[in-house]
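When you line the sequence shown up against the numbering used here, it's residues 31 to 175, in that order. Beta carbons: idealized from backbone N, C-alpha and C, even for Gly. Remember, predicted model here, so these are calculated numbers, not experimental data.
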Amino acid sequence: MAVHIRLRRMGKKKQPFYRIVAADSRRARNGSFLEILGTYNPIEKPAQVKLIEDRLNYWLDQGAIPSDTVNSIFTQVGFNEKYLRIKKGEDVSEITLSTTITERPKKTRKMKKAAIAKAEEVKTAKVKTEETTTSENTEESKKAD
Numbered sequence: 031m032a033v034h035i036r037l038r039r040m041g042k043k044k045q046p047f048y049r050i051v052a053a054d055s056r057r058a059r060n061g062s063f064l065e066i067l068g069t070y071n072p073i074e075k076p077a078q079v080k081l082i083e084d085r086l087n088y089w090l091d092q093g094a095i096p097s098d099t100v101n102s103i104f105t106q107v108g109f110n111e112k113y114l115r116i117k118k119g120e121d122v123s124e125i126t127l128s129t130t131i132t133e134r135p136k137k138t139r140k141m142k143k144a145a146i147a148k149a150e151e152v153k154t155a156k157v158k159t160e161e162t163t164t165s166e167n168t169e170e171s172k173k174a175d
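See below:
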């Protein structure tokens, strides 16, 4: 049986709340699951995450595969780093998991235009510096002749 760690949607319409569960990969998204491993609430700002670390470690040791979204949540909270250090046998007493995920700023049209303009300025600056260095090199070679 292939076990995956994934999100199970709960809550009301337009107000999702997710449980992080260990489930058989052949089951539906909201179908039966083996165990609840944590929760994720994206509605709260910043998003709230609660993990049951010892059970997550158990399922990962058993070969459970986290979904892409769950893996992203684990990385943002700091669980992946902690789990890898545990596997290496290093001390993890100083590592504490974050209970929140900060929201990334959304890119607006103005921000995209500003980024493009800045990239063009950098390109033109590079071209100008290359032109000056090549002209200096040619002048030096003429003086050497």
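From what residue to what residue does the beta strand (DSSP E) around R38 run? DSSP places R38 in the uninterrupted beta strand (DSSP E) bounded by V33 to K42.
Own chain residues within Cβ distance below 8 angstroms of A82, not counting five before or after: Sequence check: residue 82 is Ile here, not Ala. Take I82, set aside five residues on each side of it, and the residues of its chain with a beta-carbon closer than 8 angstroms to its own are I66, L67 and G68, in chain order.
Going by beta carbon distance, what residues of the same chain come within less than 6 angstroms of F199, once the five residues before and after it are set aside?
-> Nothing in the structure corresponds to residue 199, since the chain is present only between 31 and 175.
- Between R85 and the rest of its own chain, which residues show a CB-CB distance below 7 angstroms, the 5 nearest in sequence each way excluded? Excluding residues within five positions, the ones whose Cβ falls inside 7 angstroms are E65 and L67.
Residues sharing a beta bridge with P46, DSSP: For P46, which the question treats as bridged, DSSP gives the partners G41.
Checklist entry - Once you ignore the five residues that flank K112 on each side, which residues in its own chain have a CB closer than 6 angstroms to its CB? => result These residues qualify, in order along the chain: V122 and I125.
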